[in-house]
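Participant: Structure in structure tokens, see below.
Residue numbers (this note's numbering): 712 to 842.
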């Protein structure tokens, strides 16, 4: 569990919950903020890829230098807006783009957790050494 401040824990039932998204095409060296329209994150412990998300980003660039399914990674954050204090940001995952579609206001993305990257790498399987 991620550490939260005592103020955020105390205000959990009645605080604002803003959402923030960022995207990167260079493996996470630099992150570009994106306007978050709507979305959800789904966890499924029995699935091949444990975490997936569907989000809509507003006014997001597409293509080679924008959001694409080849090299783009997306980070999502859930905020806890404590009254009379700032927003405390909690990471909600880092994802790769599985599918994208152009919408009237931006792009709609189907995201997969980073487990998909590891699975696709084809790393050698573990072996037992010894008797």
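From the three backbone atoms N, C-alpha and C, an ideal C-beta is built for every residue, glycine too.
#1: Nearest-angstrom Cα distance between residue 816 and residue 824?
#2: Taking a contact to mean a Cβ-Cβ separation below 8 Å, would you say residue 745 touches residue 733 in this structure?
#3: Going straight from the alpha carbon of residue 772 to that of residue 758, what length do you get?
#4: Using a Cβ-Cβ cut-off of 6 Å (strictly less than) and excluding sequence neighbours within five positions of residue 736, which residues of its own chain qualify?
#5: Kindly give me the distance between the Cβ atoms of residue 821 and residue 749, rounded to whole angstroms, as I take these residues to be in contact under 8 Å.
#6: Which word fits residue 763, buried or exposed, when buried means at least 16 other C-beta atoms lie within 10 angstroms of its C-beta?
#7: What are the partner residues of residue 752, as DSSP defines its beta bridges?
#8: On the premise that residue 797 lies in contact with residue 728, defined as a C-beta separation below 8 Å, what is that separation, rounded to the nearest angstrom?
#9: In whole angstroms, give me the CA-to-CA distance for residue 715 and residue 803.
#10: Report the residue ranges of all beta strand (DSSP E) runs contained in full by the segment 724–749; include only those spanning at least 3 residues, in chain order.
Facilitator: Short version:
#1: 25 Å
#2: yes
#3: 31 Å
#4: 782, 783
#5: At roughly 14 Å, the Cβ-Cβ gap does not stay under 8 Å, so residue 821 and residue 749 are not in contact.
#6: buried
#7: 764
#8: In fact, because the Cβ distance is near 14 Å, the residues do not count as touching under 8 Å.
#9: 14 Å
#10: 730–735
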